[in-house]
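Student: After the structure tokens below, expect a handful of questions from me.
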Amino acid sequence: MKIAVAGASGRAGSEITKELSRRGHTVTAIARNPEKIAGLPNVTPTKGDVLDQAALTKLWSGHDVAVSSVHFLASDPHKLIGAAKASGVGRYLVVGGAGSLEVAPGVKLVTTPGFPAQYKAEAEAGSAFLDLLRQEKELNWTFISPSALFVEEARTGKFRLGTDQLLADANGKSWISFADYAIALADEIEKPAHQRQRFTVGY
Numbered sequence: 001m002k003i004a005v006a007g008a009s010g011r012a013g014s015e016i017t018k019e020l021s022r023r024g025h026t027v028t029a030i031a032r033n034p035e036k037i038a039g040l041p042n043v044t045p046t047k048g049d050v051l052d053q054a055a056l057t058k059l060w061s062g063h064d065v066a067v068s069s070v071h072f073l074a075s076d077p078h079k080l081i082g083a084a085k086a087s088g089v090g091r092y093l094v095v096g097g098a099g100s101l102e103v104a105p106g107v108k109l110v111t112t113p114g115f116p117a118q119y120k121a122e123a124e125a126g127s128a129f130l131d132l133l134r135q136e137k138e139l140n141w142t143f144i145s146p147s148a149l150f151v152e153e154a155r156t157g158k159f160r161l162g163t164d165q166l167l168a169d170a171n172g173k174s175w176i177s178f179a180d181y182a183i184a185l186a187d188e189i190e191k192p193a194h195q196r197q198r199f200t201v202g203y
């Protein structure tokens, strides 16, 4: 498939780009500084600004799938959703956050007392982005939340999927590596199972 990845030089975006390249997809890897994108088969590093809706629409046009892997506070969900719709991509996948996941019925992780203050604004912005997507009538979107800890660890290929509840292991730790998250996202692109839904991935 032809897939555009915005935020391809970031920690999640670079692993997603790598995973898609590994699987033989043709990737347009978009970043403000494309020189930071690793040289990979079938990957074209491309300069782009996620705050420029018209330019992003042009960059995404002609692709089967657009992936948004950008910080919520450094982007505008209205512009991203607008570009996804105007570009005519078949699917739009968003690298989400864990803050909007539930730790108990109706209780989001971001609202719990122990949630780190420095991540609160980003998490709340991610939750608002998900709310906007859920109101979409036309766009075929998927919002993929990592677990509470999103870390640089090995690619294992072993993880669990969930829906709106935070996943944790037997010791109560909630985590996923960027590399394994990328596998889950690439799997979703190849075999759609969560269209117009949010899902989460964790160990």
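So in the UniProt record's numbering, spot 44 of the sequence shown is number 44, and the numbers just go up one at a time.
Idealized CB from N, CA, C, for every residue including glycine.
Between Leu59, Ser127, Val43, which lies nearest to Asp49 when the distance is taken from Cα to Cα?
Tutor: When only C-alpha atoms are compared, the closest one is Leu59.
Student: Going along the chain, which residues of its own chain have a beta-carbon closer than 6 Å to the beta-carbon of Tyr181, five neighbours each way excluded?
Tutor: The answer, listed in chain order, is Pro146, Val201.
Student: Using the DSSP secondary-structure output, state which residues sit across from Arg198 in a beta bridge.
Tutor: For Arg198, which the question treats as bridged, DSSP gives the partners Phe143.
Student: Alpha carbon to alpha carbon, what distance is there between Ala148 and Val27?
Tutor: In a straight line, the C-alpha of Val27 is about 28 Å away from that of Ala148.
Student: Taking all protein chains shown into account, do 16 or more other C-beta atoms lie within 10 angstroms of the C-beta of His63, making it buried, or fewer, making it exposed?
Tutor: His63 should be labelled buried.
Student: Determine the extent of the alpha helix (DSSP H) in which Tyr181 is found, giving its start and end residues.
Tutor: Tyr181 -> alpha helix (DSSP H) spans 178 to 190.
Student: How about Val94 and Ile37: are their beta carbons less than 8 Å apart?
Tutor: No.
Student: Would you please state the rounded distance, in angstroms, between the beta carbons of Leu130 and Leu166? I believe it to be under 8 Å.
Tutor: That pair is no contact at about 14 Å.
Student: Specify whether the segment 168 to 177 and the segment 124 to 143 touch according to this definition: at least 3 beta carbon pairs, one from each stretch, less than 8 Å apart.
Tutor: Too few Cβ pairs lie closer than 8 Å, so no.
Student: What are the start and end residues of each continuous alpha helix (DSSP H) run of 4 or more residues lying completely inside the segment 64 to 130, in chain order?
Tutor: Qualifying alpha helix (DSSP H) stretches, in chain order: 77 to 87.
Student: Would a C-beta distance cut-off of 8 Å place Arg155 and Ser177 closer than the cut-off?
Tutor: Going by C-beta atoms, Arg155 is nearer than 8 Å to Ser177.
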